[in-house]
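Residue numbers (my numbering): 9 to 233.
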């Protein structure tokens, strides 16, 4: 069987509004810096994955667009500016307008421990179903949703999206040993869990410079820095 060369669609809201649940751990500048670092590690790992043809980032954030574009991602302006699912639908439409036969996978931008080989295993599994999804580490959300050519992406990300994607007819991807693809980061505890898997270089540097990871939690930003 010919290997599937996936186009990933990665949505990213304006950094100043991203990762609000980290607000108690990091102030606004540090939180935005972390959100960008998460996305940089996600995109960087995705672009080195053998199953990935290219990555389209849907964002209106100029800083994120510049930094992620420098890594090799194609930037798609978030024209709808109406939230996560409209951004993903728009990104998918932009990709398919250029390449109608593109196999698509929506991927969260907050996977700072992402490993290319684990992503490849998930995408290889996804290639066997018209639409498929991977649940997040908490078991209620979704970190990846795929659609083969001829099938709409149909994203229903948000609270309880695992149930939503299952109800939409997508097949759940059940694989062991793909923790880095499931470990999204919304809270300080999530960041500690991602650290245990091994943070990517951008997030590791952001933690050292902005919010050093210490012990069982993430230490608050030093206001004197």
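Yeah, the Cβ is synthetic: ideal placement off N, Cα and C, and Gly gets one too.
If you ignore the 5 residues before and after residue 94, its C-beta comes within less than 6 Å of the C-beta of 88, all in its own chain and listed in chain order. For residue 117, no pairing in a beta bridge is given by DSSP.
For residue 16, the closest C-alpha among the options 104, 148, 68, 200 is that of 104. Put simply, of 149, 193, 142, 196 the residue whose alpha carbon is nearest the alpha carbon of residue 185 is 142. Under the three-state reduction of DSSP, residue 92 is assigned to helix. In the DSSP assignment, the residues bridged to residue 143 are 150.
Linking residue 207 to residue 54 through their CA atoms gives a straight-line distance of about 14 Å. Rounded to whole angstroms, residue 210 and residue 46 show a C-alpha spacing of 7 Å. Secondary structure of residue 190 (DSSP, three-state): helix. Remark: C-beta atoms of residue 114 and residue 92 do not approach each other more closely than 7 Å.
Pairing residue 108 with residue 14 gives a Cβ-Cβ distance that is not under 7 Å. The alpha carbon of residue 201 has as its nearest neighbour, out of 183, 119, 18, the alpha carbon of 119. With respect to the 7 Å criterion, residue 170 and residue 148 are classified as neighbours on the basis of their beta carbons. Closest by C-alpha distance to residue 161, out of 182, 134, 145, 167, is 134. Inclusion of residue 121 and residue 183 in the CB contact set at 7 Å is not warranted, their separation being larger than that value.
Residue 181 is classed as buried because its beta carbon has at least 16 other beta carbons within 10 Å across all chains shown. A straight-line Cα-Cα distance of about 19 Å links residue 168 and residue 187. The beta-carbon distance between residue 190 and residue 145, rounded to whole angstroms, is 5 Å. This is short enough to meet the 8 Å contact definition. Cβ neighbours of residue 62 within its own chain (closer than 6 Å, five residues either side excluded): 15.
Cβ contact annotation for residue 130 (same chain, cutoff 8 Å, sequence separation greater than five): 142, 152, 181, 183, 186, 189, in chain order. Distance from residue 60 to residue 83 at the Cβ level is roughly 17 Å; contact not present, criterion being Cβ atoms closer than 8 Å. By the Cβ-count criterion, residue 28 is exposed, with fewer than 16 other Cβ atoms from all chains shown falling within 10 Å of its own Cβ. If you look at residue 61, you'll find it isn't in any alpha helix (DSSP H); it sits in the beta strand (DSSP E) that goes 60 to 66. Apart from sequence neighbours up to five positions away, the residues of its chain that approach residue 164 with a beta-carbon distance below 7 Å are 93, 172, 173, 176, ordered along the chain.
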